[in-house]
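Trainee: Pasting a structure here, questions to come.
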Ligand code: GAR
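In UniProt numbering, the protein residues as written are 3 to 196.
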């Protein structure tokens, strides 16, 4: 099983879905670390309750030096022997240095049907565009924001009168089902490459 780190910034519901899937010993990744850039992230408590080692590295203590923050994260990742990273609501843009260091070993979940709506406010933007459907995407992380090769997507309808919150609530459980499946696929592709 590949050693998995999950990077979060907040609630961590996608993280929880991954931890639950990984309880099955036949799941191809084993969580060894949950790391947050926010010390108060709710997901850190959830991970600790599941018995997973956690670390908080507060990006604010590094000022504008993004790479110094990432080097601190990287030390934790290396010490834990991490082989694959899943970003799960991790809300810091990563530098090319970090992305290149983990290229082909780092995946992300994004709440839109990429390549549509990279960045923030994805649900409102899909509603405002009059789209018939929205969804979520798991992709490899590449230097461009939300730009890497797509691993898997799932869609939901946008209904008349939808608010961004209503749409987000419809997509979230779909994320929770999609992410473990896509992570398993990513692990298989890493193993096949080795
Ligand atoms: C999820 O909807 C995830 O797709 C999104 O943030 C939420 C995190 O929720 N990610 C992004 O917007 C990345 N740019 P969670 O902490 O409960 O998993």
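No residue lacks a Cβ here, since even glycine has one placed at the ideal position from N, Cα and C.
Whole angstroms is fine: what's the gap from residue 124's alpha carbon to residue 32's?
Mentor: Spanning the two alpha carbons is a distance of roughly 30 Å.
Trainee: Nearest by alpha-carbon distance to residue 118: which of 130, 108, 29 is it?
Mentor: The residue with the shortest Cα to Cα distance from residue 118 is 130.
Trainee: With a 10 Å radius around its C-beta and 16 neighbouring C-beta atoms as the bar for buried, classify residue 70 as buried or exposed.
Mentor: Residue 70 comes out exposed.
Trainee: Within 8 Å, do at least three Cβ pairs link the segment 105-114 to the segment 135-144?
Mentor: Verdict: yes, contact present.
Trainee: Inspect the CB distances between the segment 12-27 and the segment 57-72 and report whether three or more fall short of 8 Å.
Mentor: In short, these stretches do not touch, since the Cβ pair count stays below three.
Trainee: Quick one: what does DSSP say residue 5 is sitting in, helix, strand or coil?
Mentor: Three-state result, residue 5: strand.
Trainee: Can you tell me whether residue 24 is helix, strand or coil according to DSSP?
Mentor: Three-state DSSP puts residue 24 in coil, outside helix and strand.
Trainee: Rank 16, 167, 11, 152 by C-alpha distance to the C-alpha of residue 120 and give the top, closest one.
Mentor: Nearest of 16, 167, 11, 152 to residue 120, Cα basis: 152.
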